[in-house]
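Novice: I'd like to ask some things about the structure below.
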Amino acid sequence: MKMEILFSTKRLVMRRLYLSDLNSILHYRNDPNIMKYQGWENKLISVEGIGFIKKHQVKNI
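Encoded structure:
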C-alpha cells in the first residue's frame, strides 16, 4: 500500500492514518510514561484503536 504524504518537513511527515498503523498507535498510547503526561487513565484496546483510526482518517486536508 502506497502511503500518500500530505506534507513533510525535516522532522515531520504528515500522512493519513491506516489500519496498518494500529500496532504503533496501541504501542505509544499504552506506554505508561506517555499516559501519565497525556492524562489517559485507561489503556486503549484494539477495537477502540480501530475506531480512533477510522474517526481520524481525513478525506481532505
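Take the sequence shown: its letters are residues 26 to 86, numbered as in my numbering.
Cβ coordinates follow ideal geometry from the N, Cα and C atoms, glycine included.
1. For the alpha helix (DSSP H) holding residue 33, just list the boundary residues, first then last.
2. Can you tell me whether residue 76 is buried or exposed, with buried defined as 16 or more other CB within 10 angstroms of its CB?
3. Just checking residue 37 against the ligand MN - is the residue's beta carbon closer than 7 Å to any of the ligand's heavy atoms?
4. State the DSSP-derived secondary structure class of residue 54, mapped to helix, strand or coil.
5. Name the one or two DSSP bridge partners that residue 39 has.
Specialist: Per the coordinate set shown:
1. In the sequence shown, the residue the question calls residue 33 occupies position 8. Premise fails: residue 33 lies in the beta strand (DSSP E), 30 to 33, not in any alpha helix (DSSP H).
2. As a first step, residue 76 must be located in the sequence shown, where it is residue number 51. Its Cβ having fewer than 16 others within 10 Å, residue 76 is exposed.
3. This structure simply doesn't include the ligand MN, nor any ligand for that matter.
4. Counted from its first residue, the sequence shown places residue 54 at position 29. Look at residue 54 here: in three-state DSSP terms it is helix.
5. Here residue 39 corresponds to residue number 14 of the sequence shown, with the count starting at 1. Per DSSP, 32.
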